[in-house]
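53 is the number of the first residue of the sequence shown in the numbering used here; add one for each residue after it.
Idealized CB from N, CA, C, for every residue including glycine.
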Amino acid sequence: MLLTAEETSEKLKTEYNRKIAEHSSRAKSEFLARMTHEMLTPMNAIIGFTELAKMSHEVDQIKSWIDKIIDSSTHLHSMLLNMLDVSDGSSAFMLVESQFSINSMIKKVLKKTNHDLKKKGQKLSLSISQSIPDTLIGDEKRIAQVIIHLLTNAIKFSPVQSKVSLSLDILNEENETITLKTEVIDNGIGISKDQQKILFSLFEQVDGSKTRKYGGIGIGLPLSKCIAQMMDGDIRFESEPAKGSIFIFTCKVKKAQQFKTTDS
């Protein structure tokens, strides 16, 4: 029996939606399995090094094990925070605007990432344009979260004793609103054209073998892009395998003099 054009179209649409649903379900299952494995690894390290430290009387050895416990705990904490953002849904992404110092925020970012830099013997090139007012209005926590993730990735996927660059500038200024541009550059492993297509997909992962080597569960970039878009910005990138990547994060903030409080 021949189908009409309308029936054929409806059938194709149904088949397409079915395949999309199957792919989504499979991706989520793989994501949960990967997440469990990635979280067990630092947890096992914490338990193992804690047991070793309990039995040792050598101070230097105990300090070394405690450093490893801190590394694993920090890694696990980061993954849990990302997972909470995913599980909480829209409530996790309520923007909370307040007055903040751009320089103080960057100091907090560097405090979170300096350990990883030193561990790999890398150098950070930092540039903050003088045209950016030091005091701005925006969600400092979320802006810092995105920058930390981009910088952590740059450090993670770059070779030892290499250089990572972080720069902040004004992309656009309209009335009292500033479009802030943050650029993170590395000379790491890069991303292939095929891998770039799924880079911001929540439950996809660019390369499982690289994840096992470098760690992570593949949700930091999708969350970062979501945050950027909520602040009327975006994240774009340029990358080439074996030559590194450039990630550009934009978001809108206000000048401090526009921040007003109302009396209750």
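Nearest neighbour of residue i, chosen from the options [CA to CA]
i, options, result
"L104", "T231, I199 and I114", "I114"
"K172", "K208, Q309, I184 and E226", "K208"
"N239", "I279, F152 and V216", "V216"
"K175", "D191, P211, I158 and D186", "P211"
"N227", "K307, I154 and S181", "K307"
"L251", "S291, K106 and K170", "S291"
"E192", "I243, M157 and I118", "M157"
"F152", "R194, Q281, S116 and C278", "R194"
"I279", "D119, V148 and I98", "V148"
"K120", "Q182, Q248, P94 and M107", "P94"
"V161", "S183, I99 and T234", "T234"
"P185", "Q213, N155 and S214", "N155"
Buried or exposed (CB count within 10 angstroms, at least 16 for buried), residue i
i, result
"H109", "exposed"
"M283", "buried"
"T165", "buried"
"R288", "exposed"
"H127", "buried"
"E225", "exposed"
"S297", "buried"
"L220", "buried"
"S130", "buried"
"S142", "Reliability of the predicted coordinates at S142 is poor, the pLDDT of 44 falling under 50, and no value is obtained from them."
"I122", "exposed"
"S124", "buried"
"C303", "buried"
Under the three-state DSSP convention, the category residue i falls into
i, result
"K295", "coil"
"L251", "coil"
"G173", "coil"
"E290", "strand"
"I158", "helix"
"S101", "According to the sequence displayed, residue 101 carries Phe and not Ser. Looking at F101 - three-state DSSP - the assignment turns out to be helix."
"D191", "coil"
"A308", "helix"
"A144", "Caution is warranted here: a pLDDT of 49 is assigned to A144, below 50, making its placement in the model unreliable, and the coordinate value is therefore given only provisionally. In this structure, A144 counts as helix in the three-state DSSP scheme."
"R264", "Residue confidence is low: R264 scores 47 on pLDDT, short of 50, so the model does not pin down where it sits. Its coordinate-derived value is still stated next. The answer is helix: DSSP assigns R264 an H, G or I state."
"S116", "helix"
Beta-carbon proximity list for residue i, same chain, < 6 Å, skipping 5 on both sides
i, result
"L178", "L218"
"L133", "none"
"V236", "L202, L203, A206, L218 and F299"
"R264", "In this prediction, R264 scores a pLDDT of 47, lower than 50, which makes its location untrustworthy; the coordinate-derived value is nonetheless stated afterwards. Around R264: no qualifying Cβ."
"I180", "L220"
Cut-off 8 Å between Cβ atoms - residues of its own chain near residue i, not counting five sequence neighbours on either side
i, result
"S276", "Q197, V198, H201, L202, I287 and F301"
"Q309", "E228"
Contacts around residue i, its chain only, beta-carbon distance under 7 Å, and the 5 residues preceding and following it disregarded
i, result
"V305", "L188, I189, G190, I230 and L232"
"D168", "T204 and I207"
According to DSSP, residues forming a beta bridge with residue i
i, result
"N224", "T231"
"I180", "L220"
"D238", "S297"
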